[in-house]
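Notes follow once the structure below has been shown.
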Amino acid sequence: MSLLAQVVDWSALGQTVVAALLSGVGVAFTFSLGILGVARFTDGSRELGMLGMVAFGFLALFGMIATVAAIVFGVIVMTSS
Amino acid sequence: MTEADVILYIVVGTALAFDFTNGFHDTANVVATSISTRAMSPRIAVTYAAILNFAGAFISLEVAATVAGDVVVGDVITPTIVFAGLVGAIAWNLTTWYFGLPSSSSHALIGGVVGSAFAAVGSEAILSDGVIGKVLVPAIIAPIVAFIVGGLAIVVCYRVVGRQRPGPVTRGFRLGQVVSGGMLALAHGTNDAQKTMGVIALALIANGSLDNGADPPTWVIVSAATAIALGTYMGGWRIIRTMGTRIIKMDAAQGFSAQGAGSAVILASSHFGYPLSTTQVIAGGVMGAGAAKRVSAVRWGVAGNMVTAWILTFPMAAGIGALTYGVTQIFGNEVVGPVLIFSGGLFLSILAFVRRARAPMPV
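Taken in sequence, the protein lines are chains A and B. Going by this note's numbering, the first residue of the first sequence is number 28, and it counts up by one from there. Going by this note's numbering, the first residue of the second sequence is number 1454, and it counts up by one from there.
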């Protein structure tokens, strides 16, 4: 174990793992929110009131913008290295 | 033209040939899930991946720096050693490609160079700290992280959209796969094309044409990007079949989660200079996305074959690299051996591609 402690940069490896977890799961979450918003917005025009339509419209927009922002941020971080 | 120049040209040609094989060997992994879930047709998926592979090669140079500086001691490496290592990697790549096994081109490359350096100089040529700390340990951790990320991502997706009608949800995730597949192709270009740049840089350092620790010249970056993109475009249909359908039957959400997990792990690793195997990472993501839904959905037998291929990759490529180095020394001249091996390899490659060109291509 001491050999591994010496030769492995656990800090960099830990940051890699955390970054992968946050970005992978985070993008799945925001994109799913976007799909939920679009699905409810397009399917529920009769059962949802105006307020519901606006809310799910915003959810769709938020999900898509957050997903694109996360991807752009990731690429910017990559190109800055 | 000196003997050293001849060897250098052969090494650069062989490295670009390796990059090309890496493209058609590994990028199948990138497009398989998109094709499997019908998010894209094979032809469009492969073209799209080729373009983003090319673009990805320009994003970062951290992995190239690791391959050129953290695996073997640059001062004792000769172009012939690099050449023998490349032959080891290509031979193992083609063997696993022939049998449809998605093994790691990256570990084949590093294994081949380590093997030939060991045969030529001995253990003092190997930077074991770099090999363990920057290659082997991340190689074990990365697929596990991709498995976890893929599993968590699909759970999140199902939780959020679970009660919605399947039609719009499937269409949404197929659209998402266009983005996640593109990110995976970009990540692949970022990590894999750089390994070839690193190897060519190593040969240039050995030849005295590049200072130790310097970044690869622009022509190296452009040619490596072009070779991997061309290889990607040629496609690796055997491995697409294995990755896309034989491990697990996927829905669009699983494909999106698997590709998202793969690109997140590879891009984060490239940022820190870890030369990962895209094959291992995407397979980890695919299995995670499958196992989170239903453990029995994953065809563990196929997954087991892949693990066996991965375990064998490093030692087998190292062995072939060492053997090739031995063969190059039989002729008592630094040029004749590599020229003969390069010519033989070129002849066999042309034969293989002529045969392949006659086979029908899926559309």
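The C-beta atom is built at its ideal place from N, Cα and C for all residues, glycine as well.
Helix, strand or coil for residue i, going by three-state DSSP, please let me know.
| i | result |
| --- | --- |
| residue 1579 of chain B | strand |
| residue 1525 of chain B | strand |
| residue 1787 of chain B | coil |
| residue 1615 of chain B | coil |
| residue 1573 of chain B | helix |
| residue 35 of chain A | coil |
| residue 1815 of chain B | Its pLDDT being 47, under 50, residue 1815 of chain B is placed unreliably by the model, and the measurement read from it follows with that caveat. Residue state, collapsed to three classes: coil. |
| residue 1479 of chain B | helix |
| residue 1713 of chain B | helix |
| residue 106 of chain A | helix |
| residue 110 of chain A | Because chain A here runs from 28 to 108, residue 110 of chain A falls outside it and cannot be looked at. |
| residue 1455 of chain B | coil |
| residue 1515 of chain B | helix |
| residue 1621 of chain B | helix |
| residue 1645 of chain B | helix |
| residue 101 of chain A | helix |
| residue 1727 of chain B | coil |
| residue 1670 of chain B | coil |
| residue 1530 of chain B | coil |
| residue 71 of chain A | coil |
| residue 1552 of chain B | coil |
| residue 1678 of chain B | helix |
| residue 1469 of chain B | helix |
| residue 1660 of chain B | helix |
Exposed or buried, which one is residue i when buried takes at least 16 other CB atoms within 10 Å?
| i | result |
| --- | --- |
| residue 1551 of chain B | exposed |
| residue 33 of chain A | exposed |
| residue 38 of chain A | exposed |
| residue 1804 of chain B | exposed |
| residue 1582 of chain B | exposed |
| residue 1786 of chain B | exposed |
| residue 1672 of chain B | exposed |
| residue 99 of chain A | exposed |
| residue 1659 of chain B | buried |
| residue 77 of chain A | exposed |
| residue 1815 of chain B | Reliability fails at residue 1815 of chain B, whose pLDDT of 47 lies under 50, so the model's placement of it is uncertain and the value that follows must be treated cautiously. Result: exposed. |
| residue 1454 of chain B | exposed |
| residue 1825 of chain B | The first residue shown for chain B is 1454 and the last is 1816, placing residue 1825 of chain B beyond what the model contains. |
| residue 1730 of chain B | buried |
| residue 1738 of chain B | buried |
| residue 107 of chain A | exposed |
| residue 103 of chain A | exposed |
Considering only C-alpha positions, which residue in the set the options is nearest to residue i?
| i | options | result |
| --- | --- | --- |
| residue 1569 of chain B | B:1470, B:1585, B:1614 and B:1773 | B:1773 |
| residue 1638 of chain B | B:1606, B:1574, B:1671 and B:1502 | B:1502 |
| residue 1628 of chain B | B:1567, B:1494, B:1595 and B:1582 | B:1494 |
| residue 1611 of chain B | A:63, A:107 and A:101 | A:63 |
| residue 1560 of chain B | B:1805, B:1770, B:1801 and B:1803 | B:1770 |
| residue 1776 of chain B | B:1786, B:1790 and B:1764 | B:1790 |
| residue 1618 of chain B | A:82, A:66 and A:54 | A:66 |
| residue 1728 of chain B | B:1744, B:1651, B:1608 and B:1779 | B:1651 |
| residue 1558 of chain B | B:1595, B:1545 and B:1587 | B:1545 |
| residue 1523 of chain B | B:1797, B:1808, B:1725 and B:1764 | B:1725 |
| residue 1781 of chain B | B:1496, B:1521 and B:1532 | B:1532 |
| residue 1798 of chain B | B:1457, B:1640, B:1461 and B:1471 | B:1471 |
| residue 1802 of chain B | B:1714, B:1490, B:1547 and B:1779 | B:1547 |
| residue 1624 of chain B | B:1491, B:1759, B:1760 and B:1498 | B:1491 |
| residue 52 of chain A | B:1716, B:1778, B:1761 and B:1760 | B:1716 |
| residue 1721 of chain B | A:29, A:35, A:42 and A:31 | A:42 |
Ignore the nearest five residues each way along the sequence and tell me which others in residue i's own chain have a CB closer than 6 Å to its CB.
| i | result |
| --- | --- |
| residue 1831 of chain B | There is no way to answer for residue 1831 of chain B, as the model of chain B reaches only from 1454 to 1816. |
| residue 1622 of chain B | 1614 |
| residue 57 of chain A | 90, 93 and 94 |
| residue 1521 of chain B | 1651, 1654 and 1655 |
| residue 1538 of chain B | 1565, 1566, 1569 and 1774 |
Residues in its own chain within less than 8 Å of residue i by CB, not counting five upstream and five downstream?
| i | result |
| --- | --- |
| residue 96 of chain A | none |
Between residue i and the rest of its own chain, which residues show a CB-CB distance below 7 Å, the 5 nearest in sequence each way excluded?
| i | result |
| --- | --- |
| residue 1463 of chain B | 1536, 1791, 1792 and 1795 |
| residue 1718 of chain B | 1595, 1598, 1599, 1602 and 1734 |
| residue 1579 of chain B | 1525, 1567, 1570 and 1571 |
Hey, is residue i close to the ligand HEM, as in C-beta under 7 Å from one of its heavy atoms?
| i | result |
| --- | --- |
| residue 1658 of chain B | The ligand HEM is not among the ligands present in this structure, which contains no ligands whatsoever. |
Discussion item. Any C-beta of chain D within less than 7 Å: which residues of the region 1589-1600 of chain B qualify?
Written reply: In the structure shown, chain D cannot be found, because the protein chains are A and B.
Discussion item. So if I threshold CB-CB distances at 8 Å, which residues from the region 81-108 of chain A count as touching chain B?
Written reply: 94, 98, 101, 102, 104, 105, 106 and 108
Item to complete: Compile a chain-ordered list of the residues in the region 1703-1721 of chain B whose CB is closer than 9 Å to at least one CB of chain A.
Response: 1706, 1709, 1710, 1713, 1714, 1715, 1716, 1717, 1718, 1719, 1720 and 1721
Worksheet item: Between the region 1726-1744 of chain B and chain A, which residues of the former have CB atoms less than 9 Å from a CB of the latter, in chain order?
Response: 1726, 1727 and 1738
Discussion item. If the cut-off is 7 Å on Cβ atoms, which residues from the region 1498-1529 of chain B count as contacting chain A, listed in chain order?
Written reply: 1512, 1513 and 1515
Worksheet item: For the region 44-61 of chain A, which residues have a CB atom closer than 7 Å to at least one CB atom of chain B, in sequence order?
Response: 44, 46, 47, 48, 50, 51, 52, 54, 55, 56, 58, 59 and 60
Worksheet item: Of the residues that make up the region 1602-1614 of chain B, which ones have a beta carbon closer than 7 Å to any beta carbon in chain A?
Response: 1602, 1605, 1606, 1609, 1610, 1613 and 1614
Worksheet item: the region 1640-1651 of chain B: which residues have C-beta closer than 8 Å to a C-beta of chain A, in chain order?
Response: 1643
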